[in-house]
Structure formats: structure tokens, C-alpha cells
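A short write-up of the structure that comes next.
There are 2 protein chains.
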Amino acid sequence: MLLERIHHVAYAVEDIDAALPELIERYGMRVGIRERMEEQGVEAVALDVGPDRLELIQPIDPEGSVARFLERRGPGLHHVGYAVGDLDAALEELRSAGAELIDERPRRGLGGHMIAFVHPHSAGGVLTELVQSERSGRHGDRT
Amino acid sequence: MLLERIHHVAYAVEDIDAALPELIERYGMRVGIRERMEEQGVEAVALDVGPDRLELIQPIDPEGSVARFLERRGPGLHHVGYAVGDLDAALEELRSAGAELIDERPRRGLGGHMIAFVHPHSAGGVLTELVQSERSGRHGDRT
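Sequence lines, in order, name chains F and C. For the first sequence, our numbering assigns the number 828 to the initial residue and increments by one for each residue that follows. For the second sequence, our numbering assigns the number 828 to the initial residue and increments by one for each residue that follows.
If you want it as C-alpha cells, here you go:
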């Protein structure tokens, strides 16, 4: 499998609205799509950092994994998303190699991208999201 | 201040050589510069992910901040580096706004980039590295 590029970094926060002003006013980020994702137990917002993306995720399910992350470790870096050319093939390749997948099949992520999470045990110690790349040119998938 | 883009993500690991094979063979990353940075108490290696960069950092100073991070939290996401057009001006702007800086002045980072760290308290809860951008075009600073 080939990771094409970093798609986004995600910060877990207690409250998106409390976190946004600093990132917008002090660091010049621009607010993009915002969505409640019931299935994942989070509300998420995308912030543009030039051509790149930061996602803020806030738990809406107190029993969900992001709520537990915040309880255990406090606000901070939650995961990194990487673009792949063929998400189905990437998952099959990882499965065959004995990697621990969190999502056995692609599912819908923020903004409608198809995504799947890989367990930190099988990805350098870091919770890793694979994002189906939708184009050949850089960042064309955000338009 | 304007963050131009994500410059790199950094993973803290116990042992770079143990972590590398999975990232290279399973995820197709390519090894770039590798350096012992005595002042920061780490050895670091840059991995290219397409046009982007992942850094692995391993403590060489058992009293250093990365060693303490690993003791406290185990291997995982350590910080995010963002490119800025004028690092001196960015630090001055943050200082004036009352932000908590870890480095009051730019210092040398991996590969000779001038960098400075901002405390998580003043950067969305995440340890944040500002990297002096050396060019106007994307990624020209890596050649």
C-alpha cells in the first residue's frame, strides 16, 4: 500500500466552539465543513490550513471512544488521516498482512469521504485513518 | 499569523529502528534525513509520505521531554509542525498576544529548518512546532 499524503490531523476537544476562536484568530485557519456524525459519536469541523486540513472532534456520545480518550488523556492529538488511492485494496492488503483494523469495511467520514481506521498497534503506535483519495491531483477532493 | 500548511506530524517511539520497517514496507513511506539532535535529547528521522512528512523521534536523553512523554503516555502522536512565512514575526505576535512559548527564539530543527515550539495551552491543546518556510512554492524547502 502507498500512502499518498497526509489528508488531515485531528484534535480531540471538549468543546469545538470554545476551541475555534484561537485557531481562527491566532493561527489564521479557515472554517470548512461541520457535521454531527452520530455513528462515530462525535461532532467534527474541518479547518483549512492552506492546502491542508485540521479536524476538531468533540464527543456527543459520552460512552464513545473520543469521550473516553478525553477522560483518559485530555484534549490533544487524536489521529492522523492519510489519503490512499484504493481504500478497499489497502484494507485487504492490511488484513492479509495480519494488521489490526478498526473498520473492516470503508464507511462514511467527514464531508462524505470514504474512510477506515487502523489500530495504533498496526500503524506505528498512532490511530490512523485511511481516506479514499478521489482524484489524481493534490487536494482536488476538497472541492 | 498565518499557518501556511502542515509541515510534518511527529510520532514518539521507543526505538526508531524497530518502528521503521512497518512504516516503510506496509505503508510505502520513504526514509529521508536522520539526525541525532543532542540539544533536544532525541534522535529523529524524516519519512516522506508523498509530498508530506512524518517524523519519528526517539529519546536519547532519559531525562528529556520525549522520554517523559513515552513514560507517561507510551508511543504515539507527539506534535504537529506547521510552516509559517516569517517565524520571528510569528513568535513576536504570539508573545504579544500572551501565548505560552516553549522556545522564545527560533532554533535549529531536523534538517536545518529554523523552528520554535508553542505550548499546547496556546495552540488548541496540541504541542505545536512552527517551521520557517524557506520558499514561496510548496515543498521547495525540502530539496
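By construction, the Cβ of each residue, glycine as well, lies at the ideal position given by its N, Cα and C atoms. All of these numbers come straight from a predicted model, not from anything done at the bench.
Residue i at chain C interface by Cβ criterion, 8 Å
| i | result |
| --- | --- |
| F:Met941 | no |
| F:Asp913 | no |
| F:Gly952 | yes |
| F:Ala916 | no |
| F:Leu937 | no |
| F:Gln959 | no |
| F:Gly903 | yes |
| F:Val907 | yes |
| F:Pro933 | no |
Alpha helix (DSSP H) segment containing residue i, residue limits
| i | result |
| --- | --- |
| C:Leu916 | Reading off the sequence, residue 916 of chain C comes out as Ala, not Leu. First-last of the alpha helix (DSSP H) with C:Ala916: Leu914 to Ser923. |
| F:Ala805 | Outside the modelled stretch of chain F, which goes from 828 to 970, sits residue 805 of chain F, for which no answer is possible. |
| F:Glu898 | Ser892 to Arg900 |
Neighbour flag for residue i against chain F, beta carbons, 8 Å
| i | result |
| --- | --- |
| C:Glu831 | yes |
| C:Gly868 | no |
| C:Arg853 | yes |
| C:Met864 | no |
| C:Arg900 | yes |
Cutoff 6 Å; reference residue i; Cβ partners in own chain excluding five residues on either side
| i | result |
| --- | --- |
| C:His835 | Arg880, Glu882 and Gly908 |
| F:Val972 | Shown here, chain F extends from 828 to 970; a query on residue 972 of chain F therefore has no answer. |
| C:Gly859 | Ala873 and Asp875 |
| F:Ser963 | Per-residue confidence for F:Ser963 stands at a pLDDT of 45, beneath the threshold of 50, marking its modelled position as unreliable; the derived number appears in the next sentence. Cβ neighbours of F:Ser963 beyond the five flanking positions: none. |
| C:Ala917 | Met828, Val911 and Leu957 |
| F:Asp888 | Gly868 |
| C:Tyr854 | none |
| C:Gly936 | Ile942 |
Own chain residues within Cβ distance below 8 Å of residue i, not counting five before or after
| i | result |
| --- | --- |
| C:Val953 | His906, Val907 and Pro947 |
| C:Leu921 | Met828, Leu928, Val945 and Ser949 |
| C:Gly912 | Leu829, Glu831 and Ser960 |
Residue range of the beta strand (DSSP E) that includes residue i
| i | result |
| --- | --- |
| C:Val911 | Gly903 to Val911 |
| C:Glu866 | First-last for C:Glu866: undefined, no H or E at that position. |
| C:Glu882 | Asp879 to Pro886 |
| C:Tyr838 | Leu830 to Ala839 |
Within chain D, the residues that residue i reaches when beta carbons sit closer than 8 Å
| i | result |
| --- | --- |
| C:Ala924 | Absent here is chain D; the protein component of the structure consists of chains F and C. |
Sequence-distant residues of its chain with Cβ nearer than 7 Å to residue i (five each side left out)
| i | result |
| --- | --- |
| C:Leu914 | Pro933, Met941, Ala943, Leu957 and Gln959 |
| C:Arg989 | Residue 989 of chain C lies beyond the range of chain C shown here (828 to 970); nothing can be said about it. |
| F:Leu843 | The question names Leu, yet the displayed sequence has Ile at residue 843 of chain F. If we look at F:Ile843 and ignore the five residues flanking it on each side, its Cβ neighbours are Glu870, Val872, Leu883 and Gln885. |
### Task
With 7 Å as the limit, tell me which residues of the region 835-851 of chain C have their beta carbon closer than that to any beta carbon of chain F; keep them in chain order.
Listed in chain order, the positions of the region 835-851 of chain C with a beta carbon within less than 7 Å of a beta carbon of chain F are Val836, Tyr838, Val840, Ala846, Glu849 and Leu850.
### Message
Beta carbons nearer than 7 Å to chain F: which residues of the region 870-891 of chain C have them?
### Response
Sequence-ordered contacts of the region 870-891 of chain C with chain F read Val876, Gly877, Pro878 and Asp879 [C-beta pairs closer than 7 Å].
### Task
Please specify which runs of the beta strand (DSSP E), each continuous and at least 3 residues long, are wholly inside the region 924-968 of chain C, giving them in chain order.
Counting only runs of 3+ residues, the beta strand (DSSP E) found wholly inside the region 924-968 of chain C occupies 941-945 and 955-959, in chain order.
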